[in-house]
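First comes the structure, then the notes that go with it.
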Amino acid sequence: MRKTTLVAAGAALVLTLTACSGNSATGTAEPAAAGGQSQSAGLASPFTDAIQLASASKQNTVKSKSAKFTMEGSAAGQTLSATGAMAMDETDTRFSMTSTAAGQTTEMRLVDKVMYIKLPAEEQKQLGTDKGWAKIAADGNDPFSQALGGALSQSAEQSDPSKMLDQISKAGRIISSDQTELNGEKVNHYKVELDVAKAVDQFTGQVPAAARDKLTDMLKGKDVKLPAELWLNKDNLPVQVTMDQGPMMQALGAPAGDAKFTMKYSDWGTQVDVTAPPADQVVDLGELMKKAGR
């Protein structure tokens, strides 16, 4: 059987969530005061401290609880684009997303830490099912679910963009900042640098457990710095985030090349309804793999 929607969608999910959040620790910074005293069209002056930046922005993303997003990126010679919406609360993150990766467009949803992937008619026929959705649970016992399940359990909690802010507070420093306009909106623009050596575990958290220790050992002792940029609006909500993971990929032995992602956020606080597909339209991935002899 050729490369299926399941494989492409799984790769798209991990890449998208990596772009959304990096991999972050669960610790939080102490609350910080607003940026500077000077204002520009309601925009406070930029922060100079990464912990204060992360804390102020995280507080407001948590309050907003929802956003729409688009993403474009490339890694390992593959391009990826996605559009979607996410809803966040203290215990769960849900999102719906349509992504295009490896030449395939896929619709997926993440609800209660279970990923649902829309199966095209051709894929249903190949897999011998009349169900329109396949689910991948974090505790699945088939090889594909086990490989992806660990990433899903963490990603479900970390697709909130404020988690990248946690990462910045743990391993980042502000290189420079300025005030500019983005899509007609006044924003604070930050260039930051993430030091992988300061928080190696944060950068390997979405990797399946079997490979995590090996990757962690490969990264230890290496001076890997990842450049990122953030554009925050007057409410310190992310409007755009970019990250270049190329230096880390090269440190892990990948060929030189792009591994860059750009996330754009809009409609913060807008009502977002993300629900699981109807149960009678869902089939378990493990059962499909057994029937397919995988």
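The numbering of the sequence shown is my numbering, which starts it at 503 and goes up by one.
Even for Gly, the Cβ is constructed at its ideal location relative to N, Cα and C.
Remember, predicted model here, so these are calculated numbers, not experimental data.
query	result
Buried or exposed: where does Ser678 fall if 16 or more other Cβ atoms within 10 Å of its Cβ makes it buried?	exposed
Helix, strand or coil for Ala730, going by three-state DSSP, please let me know.	strand
Sort Lys637, Gln669 and Trp770 by Cα distance to Asn735 and report the nearest one.	Trp770
Among Gln669, Glu687 and Asn685, which residue has its Cα nearest to the Cα of Ala699?	Gln669
Where does Thr550 fall in DSSP's three states?	coil
Please report the straight-line C-alpha distance between Ser598 and Val776, rounded to a whole angstrom.	6 Å
Can Ser568 and Leu739 be called in contact, C-beta distance under 8 Å?	no
Go ahead and label Lys565 buried or exposed: buried means 16 or more other beta carbons lie within 10 angstroms of its beta carbon, across all protein chains shown.	exposed
Would you call the region 712-730 and the region 746-754 in contact, with 3 or more CB pairs under 8 Å?	yes
For Val774, name the three-state secondary structure that DSSP assigns.	coil
Could you check which residue in Thr764, Asp782 and Thr602 has the C-alpha nearest to that of Glu574?	Thr764
How big is the Cα-Cα spacing for Ser637 and Asp782?	Rather than Ser, the amino acid found at residue 637 in this sequence is Lys. Distance between the alpha carbons of Lys637 and Asp782 is about 12 Å.
Below 8 Å CB to CB, which residues in the same chain sit around Val613 once its five sequence neighbours on both sides are set aside?	Arg596, Val776, Thr777 and Ala778
Return the CA-CA distance between Leu787 and Ala604, expressed in angstroms with no decimal places.	20 Å
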